[in-house]
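If you read the sequence shown in our numbering, its first letter stands for residue 282, the second for the next number, and so on.
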Amino acid sequence: MERVIEFDFVRATEAAALNSLRWLGRGDKEAADAAACDAMRGMFDLMNICGEVVIGEGIKDDAPGIFKGEQLGTWYPGSPEFHIAIDPIDGTTN
């Protein structure tokens with residue numbers, strides 16, 4: 282049975298949400314963003330894609346994030362190529 286790549290993207294989003302849940306309501310947006318980014322990046326590391334972030338988070342005061350230009354996925358030869366717009370947690374600006 283062939284793997285459906287769309288579900289891998291859903292799993293990455295789900296992992297980010299679940300991993301950042303423990304920070305909900307604690308007032309530490311950077312910790313929540315770091316947790317979401319770590320989980321999402323971990324899921325992308327398992328995906329057989331050649332992904333490049335074309336829209337990502339802006340670099341700000343060493344805040345955690347997934348930034349424009351980063352490569353995501355395994356980059357295994359022959360994997361499908363994706364341009365990725367990503368912001369694991371939206372609305373964490375001051």
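Cβ atoms here follow ideal geometry from the backbone N, Cα and C, with glycine treated the same way.
Exposure of residue i, with buried meaning 16 or more beta-carbon neighbours within 10 Å
i    : result
F288 : exposed
E338 : buried
L353 : buried
A366 : exposed
V285 : exposed
V335 : exposed
Coil, strand or helix - residue i by DSSP
i    : result
A274 : Residue coverage of the chain in this structure runs from 282 to 375, which leaves residue 274 outside it and unanswerable.
I286 : helix
E338 : strand
Range covered by the alpha helix (DSSP H) that runs through residue i
i    : result
E311 : 310-325
Separation of residue j from residue i, as counted between CA atoms
i    : j    : result
L387 : F290 : Shown here, the chain extends from 282 to 375; a query on residue 387 therefore has no answer.
S301 : I347 : 15 Å
A297 : G359 : 27 Å
Y444 : A316 : Nothing can be reported for residue 444: it is not among the residues displayed for the chain, which extend from 282 to 375.
For residue i, the residue or residues it bridges with in DSSP
i    : result
G332 : L353, F363
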